[in-house]
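With my numbering, you'll find the sequence shown wraps up at 382, consecutive numbering, no jumps. Ideal placement from N, C-alpha and C gives every residue a C-beta, glycine not left out. In this text the structure is predicted, and so the values were computed from the model without any measurement.
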Amino acid sequence: MSVSNEVMSVLKRDYIYNLMLKGNRADGRSFDEIRDIEVKTNVIDKAEGSAWVKIGETEVLAGVKLQAGAPFPDSPGEGVIITSLELNPIASPDFEAGPPRENAIEMARVTDRGVRESGAIDLSKLCITEGEEVWIVFIDIHVLNNSGNIQDASSLGAIAALLTTTIPMERAGKGEDMAMPIKDMPLSVTVINIGGSLMVDPGLDEETVCDTKITIVSNQDGSISGMQKSGDGALTEEQLLKAVEMSCEKAAQLREVHLSNIRD
119 MSVSNEVMSV LKRDYIYNLM LKGNRADGRS FDEIRDIEVK TNVIDKAEGS
169 AWVKIGETEV LAGVKLQAGA PFPDSPGEGV IITSLELNPI ASPDFEAGPP
219 RENAIEMARV TDRGVRESGA IDLSKLCITE GEEVWIVFID IHVLNNSGNI
269 QDASSLGAIA ALLTTTIPME RAGKGEDMAM PIKDMPLSVT VINIGGSLMV
319 DPGLDEETVC DTKITIVSNQ DGSISGMQKS GDGALTEEQL LKAVEMSCEK
369 AAQLREVHLS NIRD
């Protein structure tokens with residue numbers, strides 16, 4: 119980091135910290151308020167399922183493709199999930215073309231873990247011939263603009279895309295097409311700690327200067343299917359429990375507002 123960037127980082131942190139002391143955020147939100155969200159589905163004609171999500175000015179595009187292939191040896195009667203995330207250079211001057219970077223791989227894994235560990239997809243229904251052939255579900259997420267909190271936008275986009283997904287049974291000569299067998303709708307909500315105060319859905323500057331960031335993936339029943347912490351700071355037990363409470367509450371609201379009617 120150059121000297122000028124270091125100075126800007128310090129000034130930015132001081133500005134955000136001083137706002138926090140007054141109970142404010144740079145964009146006027148309360149600490150427990152998520153930015154405005156838009157969700158559009160079926161936006162990619164050639165995908166089996168797709169969604170575009172915008173949280174504040176952060177935009178992601180999620181697509182789902184399916185192909186028949188071999189199952190994993192330890193789960194011969196279950197389908198396979200493969201999740202990837204691409205940080206497109208058009209989304210931020212900090213993103214470079216080339217192989218996925220470590221943070222892109224990490225965000226893909228958090229999204230994948232939420233889908234997998236929650237049992238969001240009934241993988242047994244993706245079995246074509248046990249031990250020989252199953253449906254492989256490719257969840258591909260492309261970041262179109264980064265204004266902070268890519269993780270939560272990706273999580274919401276992945277589930278919205280899965281809810282619109284049709285399994286192309288007829289095309290593959292396997293019978294009649296069927297909807298993706300969805301059993302749960304896990305969603306991540308990210309909470310940051312700045313000077314001892316917890317805030318949901320960090321903007322880019324907040325994300326840059328926070329002491330700690332924790333992403334919590336919760337399911338419809340309030341159970342936790344994933345958690346990822348980053349940053350050098352620590353959370354007290356009380357802060358962690360509060361972060362989980364905030365995350366689960368916000369995830370429930372997101373499901374009700376943005377996912378509940380997708381299959382209607």
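Among the options, nearest to residue i - alpha-carbon criterion
i: P320; options: I246, R219, Y133 and A144; result: A144
i: M298; options: D270, I199 and E250; result: I199
i: D132; options: S242, E324 and E235; result: E324
i: G266; options: M317, K360 and I246; result: M317
i: K301; options: D150, G351 and S236; result: S236
i: I259; options: N337, T201 and V161; result: T201
i: G141; options: G314, Q346 and A276; result: G314
i: L305; options: L372, R289 and K331; result: L372
Opening and closing residue of the beta strand (DSSP E) in which residue i lies
i: A186; result: T176 to G187
i: V255; result: E251 to N263
i: M303; result: Note, M303: premise wrong, no beta strand (DSSP E); not H, not E.
i: K158; result: I155 to T159
i: I173; result: G167 to I173
i: I342; result: I342 to S348
i: V375; result: Looking at the DSSP string, V375 is not in any beta strand (DSSP E), and its letter there is neither H nor E.
Nearest-angstrom Cα separation, counted from residue j out to residue i
i: P207; j: T176; result: 14 Å
i: V233; j: I134; result: 34 Å
i: G146; j: I239; result: 38 Å
i: E355; j: G249; result: 45 Å
i: K183; j: L137; result: 44 Å
i: I257; j: S272; result: 10 Å
i: L139; j: G349; result: 21 Å
i: T282; j: T308; result: 25 Å
Residue range of the alpha helix (DSSP H) that includes residue i
i: I277; result: I268 to L281
i: V362; result: E355 to L372
Opposing strand residues paired with residue i [DSSP bridges]
i: E204; result: H260
i: K331; result: I310 and S348
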